[in-house]
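Undergrad: Residue 182 in the numbering used here is what sits at position 181 of the sequence shown, and the numbering runs on without skipping anything.
Where a beta carbon is used, it is the ideal one built from N, C-alpha and C, also for glycine.
Since the model is a prediction, treat every value here as computed from it, not as a measurement.
Starting off with a structure, shown below.
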Amino acid sequence: MTIKVMTIFGTRPEAIKMAPLVIGLNEADGIESILCVTAQHREMLDQVLNLFGLKPNHDLDLMAPGQDLFDITTRCLLGLREVFRTDRPDLVLVHGDTTTCFAAGLAAFYENIPVGHVEAGLRTGNLQAPFPEEANRSLVGRITNYHFAPTSLAKNNLLAENIKEETVWVTGNTVIDALLIVRDIVENYPDGHWVNQFGKPLFERISSTNRKLILITGHRRENFGQGFIDLCSAIRELAECHPEWDLVYPVHLNPNVQKPVYEILDGLKNVNLIEPLDYEPFVWMMNQSDLILTDSGGIQEEGPALGKPVLVMREVTERPEAVDAGTVLLVGTNREKIVTAVENVMGDKAKYIAMSRAHNPYGDGLAVERIVRAISSGFLPTNSEDQWTI
Ligand code: UD1
Ligand code: UDP
């Protein structure tokens, strides 16, 4: 018997984390794999589809400049109603905490199609942070039949919400699968491979061992407005006080991010504001960096795996594993706090070395294998050796 599995995602991070799984499903016996993208993101999604050679069977093409949460939710729901009625799957897989994830889970629930949630069980316990992601993942958890939790901590969060243990698989996070695949490709490129991508002057500064590289990303909705002004002011102060550092910021395409970032940081000699990078050069850039300053979810998982200190511009995180291990530090969005924290880590050799310990609390690169096995086996409960543990 063949089971028809429809994977649905819409944004860059979901695509990076789901691409290896779609490839695994495409190759699995007994599974008919269908890919549906909502295109909540467009260019940033297409970058990932191209890298992994994925061609969606359905594309809702819903992104509109400056869209809000109502736009995304309603367009997803209505678009997926049509998709499910013409190409009904036996199982829908959604990922993480985006509005695509929540709306696709809800659409499947309305059509009585079982839902599998990849990266299930992450929680901060605060519905406002991150907003709306904490609500999205909690809501989709209520209508999920099969929970693929990345870590045992995430599993415990689900059990605390009375989710039945036999519906939870601890698989590791598929981000580590994606990262390891791409890191191996990137490591095999010849020296100088990225000269054209970055231009010679920037490439030479990034590659120089005499200069320090700080990689920055930021896009959280709850930081829009004053939060972004504060964090950009911190970056400006760091750049001005440290001409010996290069700060590279691939700027998210959200206009709420572009505006403050370009207004506050454009024109500084050692700050490089660039377009969002394809995943390959971004992985290369993470590897080259001395420190990562971010509010991203995925980068909090990738940084530790690459042995890079990560400073997180948020008050809370749903990924406490690396914070507990001491390689990720929460620094909030206060200007002074960010400046002090970056200078403390960069200026204290012992602290820097302690934060640069490569470790993988989020997975071992076999998450896809575990998820595909769970689906192929008809969701037989897994034995403990089959589950990811640190
Ligand atoms: C979304 C997710 C967030 C995730 C982030 C990853 C929601 C509510 N938010 O936030 O959880 O962490 O993606 O990056 O699900 N844009 C483009 N081209 C693109 C992508 C975005 O132009 O390829 C611009 C558009 O103007 C778009 C805007 O960015 O309207 C916002 O995109 P949206 O997906 O609504 O929010 P993100 O901030 O990207
Ligand atoms: N990323 C990328 N190019 C960039 C910035 C980030 O490929 O210019 C990757 C990054 O390695 C990670 C993912 O995008 O895998 C994170 O996406 P984002 O920070 O937008 O979303 P979040 O993880 O916060 O939901």
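Bridge partners of Glu33, per DSSP?
TA: In the sequence shown, the residue the question calls residue 33 occupies position 32. Beta-bridge pairing links Glu33 to Lys5.
Undergrad: Hey, out of Leu22, Phe53, Val95, Pro21, whose CA is closest to Gly11's CA?
TA: Residue numbering aside, residue 11 sits at position 10 when the sequence shown is read from its first letter. Ranking the options by Cα distance to Gly11, first place goes to Val95.
Undergrad: For Asp365, does the three-state DSSP call read helix, strand or coil?
TA: Mapped onto the sequence shown, residue 365 falls at position 364. Correct three-state label for Asp365: coil.
Undergrad: Just curious, the alpha helix (DSSP H) that Val285 is in, first and last residue?
TA: Walking along the sequence shown from the start, residue 285 turns up at place 284. A quick correction: the sequence has Trp, not Val, at residue 285. Where Trp285 is concerned, the enclosing alpha helix (DSSP H) stretches over 280 to 289.
Undergrad: So, do the stretch 47 to 58 and the stretch 3 to 22 have three or more beta carbon pairs nearer to each other than 8 Å?
TA: With the cut-off at 8 Å, the stretch 47 to 58 and the stretch 3 to 22 touch.
Undergrad: Between which residues of its own chain and Ala136 is the CB-CB distance below 6 Å, once the five residues before and five after are set aside?
TA: For the purposes of this step, residue 136 is identified with residue 135 of the sequence shown, where counting begins at 1. Cβ within range, chain order: Leu128.
Undergrad: By alpha-carbon positions, which one of Asn58, Asn197, Leu232, Thr125 ends up nearest to Ala155?
TA: Counted from its first residue, the sequence shown places residue 155 at position 154. Per the Cα distances, Thr125.
Undergrad: Any idea which residues DSSP pairs Asn273 with across the strands?
TA: Along the sequence shown, read from residue 1 onward, the residue named residue 273 stands at position 272. Its beta-bridge partners are Val249.
Undergrad: Could you check the C-alpha separation between Asp247 and Gly226 for me, to the nearest Å?
TA: The residue given as residue 247 occupies position 246 in the sequence shown. The residue given as residue 226 occupies position 225 in the sequence shown. Answer to the nearest angstrom: the Cα atoms are 25 Å apart.
Undergrad: Can you look up Ile293 in the DSSP assignment and give me helix, strand or coil?
TA: Position 292 of the sequence shown, counted from the start, is the residue given in the question as residue 293. Reduced to three states, the DSSP call for Ile293 is strand.
Undergrad: Straight-line CA distance for Ala121 to Asn211?
TA: Taking the sequence shown and counting its residues from 1, the one referred to as residue 121 is at position 120. Taking the sequence shown and counting its residues from 1, the one referred to as residue 211 is at position 210. If you take the alpha carbons of Ala121 and Asn211, they lie about 42 Å apart.
Undergrad: Does the beta-carbon distance from Pro90 to Ile35 come in below 8 Å?
TA: To locate residue 90, count along the sequence shown from 1; it is residue 89. To locate residue 35, count along the sequence shown from 1; it is residue 34. A contact, by the Cβ cut-off of 8 Å.
Undergrad: Only counting runs of 3 or more residues, tell me where the beta strand (DSSP E) segments fall wholly within the stretch 36 to 103, in order along the chain.
TA: The qualifying runs are 92 to 96.
Undergrad: So does Gln68 have its beta carbon nearer than 7 Å to some heavy atom of ligand 1?
TA: For the purposes of this step, residue 68 is identified with residue 67 of the sequence shown, where counting begins at 1. For ligand 1, at least one heavy atom lies less than 7 Å from the Cβ of Gln68.
Undergrad: Using the Cβ count rule (16 or more neighbours within 10 Å means buried), how would you classify Cys37?
TA: By one-based count along the sequence shown, residue 37 stands at place 36. That one is buried.
Undergrad: Could you pull out every residue in the same chain whose Cβ sits closer than 6 Å to the Cβ of Cys242, ignoring the five residues on either side in sequence?
TA: Reading the sequence shown from its first residue, position 241 is the one you call residue 242. Cβ within range, chain order: n/a, list empty.
Undergrad: What does a CB cutoff of less than 8 Å around Pro57 pick up in its chain, not counting 5 residues either side in sequence?
TA: Within the sequence shown, numbered from 1, the residue matching residue 57 stands at position 56. Cβ neighbours of Pro57 beyond the five flanking positions: Leu36, Cys37, Val38, Leu50.
Undergrad: Which of the three DSSP states, helix, strand or coil, is assigned to Gly379?
TA: Locating residue 379 in the sequence shown gives position 378, where the first residue counts as 1. Three-state result, Gly379: coil.
Undergrad: Spell out the partners DSSP gives Phe204 in its beta bridges.
TA: For the purposes of this step, residue 204 is taken as residue 203 along the sequence shown, with counting starting at 1. DSSP lists no partner for Phe204.
Undergrad: Checking the sheet assignment: what are the DSSP bridge partners for Ile215?
TA: The residue you call residue 215 lines up with position 214 of the sequence shown. Looking at the DSSP assignment, Ile215 forms a beta bridge with Leu248, Leu292.
Undergrad: If you run the structure through DSSP and keep just helix, strand and coil, what is Leu254?
TA: Stepping through the sequence shown from its first residue, residue 254 is reached at position 253. Coil.
Undergrad: Tell me the residue span of the beta strand (DSSP E) that contains Val313.
TA: What you label residue 313 is simply residue 312 of the sequence shown in a count that begins at 1. 311 to 313 is the extent of the beta strand (DSSP E) around Val313.
Undergrad: Less than 7 Å separating the Cβ of Arg124 from some heavy atom of ligand 1?
TA: Taking the first residue of the sequence shown as position 1, residue 124 is located at position 123. Arg124 Cβ: outside cutoff for every heavy atom of ligand 1.
Undergrad: Mapping DSSP to helix, strand and coil, what is Val317?
TA: Position 316 of the sequence shown, counted from the first residue, corresponds to residue 317. Coil at Val317, not helix or strand.
Undergrad: Quick check on the burial criterion: 16 or more other C-beta atoms within 10 angstroms. Buried or exposed for Leu160?
TA: Taking the first residue of the sequence shown as 1, we reach residue 160 at position 159. Exposed, since its Cβ has fewer than 16 Cβ neighbours within 10 Å.
Undergrad: For the beta strand (DSSP E) containing Phe225, name the first residue and the last one.
TA: Working through the sequence shown from its first residue, we reach residue 225 at position 224. No beta strand (DSSP E) holds Phe225; DSSP gives it neither H nor E.
Undergrad: Quick check: the Cα distance between Glu370 and Asp267, rounded to an integer number of angstroms?
TA: Position 369 of the sequence shown, counting from 1, holds the residue named residue 370. Position 266 of the sequence shown, counting from 1, holds the residue named residue 267. Straight-line Cα distance between these residues: approximately 44 Å.
Undergrad: Would you kindly work out how many angstroms separate the C-alpha atoms of Asp365 and Ile177, rounded to a whole number?
TA: Reading the sequence shown from its first residue, position 364 is the one you call residue 365. Reading the sequence shown from its first residue, position 176 is the one you call residue 177. Computed Cα separation, rounded: 7 Å.
Undergrad: Would Pro131 and Thr100 be called neighbours here (beta carbons separated by less than 8 Å)?
TA: Reading the sequence shown from its first residue, position 130 is the one you call residue 131. Reading the sequence shown from its first residue, position 99 is the one you call residue 100. No; because the gap between Cβ atoms is not below 8 Å, this pair is not in contact.
Undergrad: Please state whether DSSP places Phe110 in a helix, a strand or coil.
TA: To locate residue 110, count along the sequence shown from 1; it is residue 109. Phe110 falls in the helix class under three-state DSSP.
Undergrad: Is there at least one non-hydrogen atom of ligand 2 closer than 7 Å to the beta-carbon of Pro321?
TA: Numbered from 1 along the sequence shown, position 320 holds the residue referred to as residue 321. No, ligand 2 has no heavy atom inside 7 Å of this Cβ.
Undergrad: Taking the alpha helix (DSSP H) that Ala121 falls in, what are its first and last residues?
TA: Locating residue 121 in the sequence shown gives position 120, counting from the first residue. Unbroken run through Ala121: none, as it is neither H nor E.
Undergrad: With a Cβ-Cβ cutoff of 8 Å, do Asn249 and Met286 count as a contact?
TA: Your numbering for residue 249 matches position 248 in the sequence shown. Your numbering for residue 286 matches position 285 in the sequence shown. What sits at residue 249 in the sequence shown is Val, not Asn. Yes, these two residues count as a Cβ contact at 8 Å.
Undergrad: Does the beta-carbon of Thr341 have 16 or more other beta-carbons within 10 angstroms, so that it is buried, or is it exposed?
TA: In the sequence shown, counting from the first residue as 1, residue 341 sits at position 340. Exposed, by the Cβ-count rule.
Undergrad: In its own chain, which residues sit with a C-beta less than 6 Å from the C-beta of Ala108, not counting the 5 before and 5 after it?
TA: Numbered from its first residue, the sequence shown carries residue 108 at position 107. Here the set comprises Leu78, Leu81.
Undergrad: Using CA atoms only, rank isn't needed, just tell me which of Ser290, Cys102, Arg358 is closest to Thr8.
TA: The residue labelled residue 8 in the question sits at position 7 within the sequence shown. Minimum Cα distance to Thr8 is reached at Cys102.
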